[in-house]
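Here the structure comes first, spelled out in structure tokens, and everything after it is commentary.
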Amino acid sequence: MTAQTPLGVAVVGAGYWGPNLIRNFRNAPDWRLVAVVDLDLVRAQEVIGGSAEVLATSDLDEVLAREDVDAVAIATPAGTHRALVERALRAGKHVLVEKPLADDVGSGRSMVESARANDLVLMADHTYCYTPVVQKIRELVEDGSLGDILFIDSVRINLGLVQPDVDVFWDLAPHDLSILDFILPGGLRPTGVAAHGADPLRAGKACVGYLTLPLEGGAMAHVHVNWLSPTKIRQMVIGGSRRTLVWDDLNPQQRLSVFDRGVDLVQQSVDQIERADRAAATISYRLGDTWAPALPEYEALSRMVGEFAGAIREGRTPRTDGASGLRVLSVLEAAQASLRARGALVEVAAETPTLELIR
Ligand SMILES: NC(=O)c1ccc[n+]([C@@H]2O[C@H](COP(=O)([O-])OP(=O)(O)OC[C@H]3O[C@@H](n4cnc5c(N)ncnc54)[C@H](O)[C@@H]3O)[C@@H](O)[C@H]2O)c1
């Protein structure tokens, strides 16, 4: 396998999301789409559009036995991820798995450990992390442009389909949480999670949800997800000690704004000689420019499949690895526990020392 030889990939799951992966693998010079697998064979055949070069099948074992398949991308419902991922890993294939990594932390942990034991890449498709805007936000956080992060406020609301199997947290919050994991230095490691949900339509699950995530150092992140809002809002505000970012995903003219404004808390000693221990805090407001960084144009999924190939070829951890999927999963599971405890602050399951090594 040289750097020039495309890697062979099979996509499992050709429902709503699978075709997006298929299109991007087909267009990527790093990849050759070898097979599409779906329990619904007709669906798999439809999606490949009669191509003689791509196998459409409902038999995963047949595909896993092929030597020209280096990797498998899994786009089936979350409850099926663990079994499919572990089958592919046992067959020696690298795996890309759709968000959420699994439907419980125990499964996610087992998947991450299997990948590690087999020395194979396990990557989570946290698609938003590969958008130009999130890449830029990460860059601005990393290079210190924002200073220390003080607060993050994320809103993802619209009239959404009430999902049959999951509540609004599991449906929408993986996006916000994976973005937080990607941009926060050291990943998403809240000191706890408090979740409040409402089901005003009596749908049997939360349709409106609020997550509060205290972060180390005193900062706080807040996520609002909602299927019942007639207005669509996709906005994230990231407040820093030096600058603040506002990302409005529905405003293509100015998706990202940087506010060079902020609040400084200055500790001033009052009468240092006579009362050395007394200090007064004064607040000063900085008023500066607002500007919009230029963002390149490309499809996030094309970057994502490129990152998957890069990680395999270079034998390195991908940017959104299994461990990042597991951190997102741990927060979702803690949120469920908090909902059951009527919004109490719940601890997030710690990663095991083995997982620390993977990151
Ligand atoms: N990254 C994103 O932004 C994004 C967006 C939407 C969905 N997703 C994720 O993609 C995954 C799939 O979601 P979807 O909306 O496409 O679901 P879907 O129900 O539309 O499609 C799932 C497909 O998988 C097939 N399938 C189910 N079990 C299978 C198995 N064991 N073997 C082979 N095929 C099997 C089904 O026949 C179906 O065609 C989910 O994890 C979802 O969260 C990600």
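Residue numbering for the sequence shown follows full-length UniProt numbering, beginning at 1 and increasing consecutively. We put the CB at the ideal spot given by N, CA and C, even for glycine.
According to the Cβ coordinates, are residue i and residue j closer than 7 Å?
i	j	result
P77	P174	no
L295	V133	yes
L146	R243	yes
L21	V12	no
V63	A35	yes
G239	L150	yes
Taking the C-alpha atoms as reference points, what is the distance between residue i and residue j?
i	j	result
G209	G218	23 Å
N251	R234	9 Å
A292	A65	50 Å
A71	G204	38 Å
Y285	Y130	34 Å
A221	T212	6 Å
L215	P190	5 Å
Consider the C-beta atom of residue i and the heavy atoms of ligand 1; say whether any pair is separated by less than 6 Å.
i	result
V12	yes
residue 403	Given a span of 1 to 359 for the chain in the structure shown, any question on residue 403 remains unanswerable.
G108	no
R43	yes
G186	no
Y16	yes
T127	yes
T76	yes
T80	yes
E216	no
K99	yes
Less than 6 Å between C-beta atoms, sequence neighbours within five positions excluded: which residues of the same chain meet that for residue i?
i	result
V141	I183
residue 361	Limits of the chain in this structure are 1 at one end and 359 at the other, which puts residue 361 out of reach.
D148	S241
V225	R156, V168, L172, A173, G209
L345	G192, A194
L55	A35
Which residue's Cα is closest to the Cα of residue i: the options?
i	options	result
L60	A73, L180, I48	A73
R90	A323, V105, D103, V121	V121
G79	M111, V69, V223, L250	M111
K136	W247, L21, D119, N118	W247
V223	P200, H196, K232, D148	H196
R109	Q254, D321, P164	D321
Leaving out the 5 sequence neighbours to the left and right, which residues in its chain are closer than 8 Å to residue i when beta-carbon positions are compared?
i	result
A309	L7, A28, D30, W31
A349	V105, S330, E333, A334
N24	E299, L301, S302, M304, V305
S58	V37, D38, L39, D40, L41, A44
Q254	D248, A292
Which same chain residues end up closer than 7 Å to residue i when comparing Cβ atoms and leaving out the 5 residues on each side of it in sequence?
i	result
P230	L159
D181	G187, L188, S324, R327, V328
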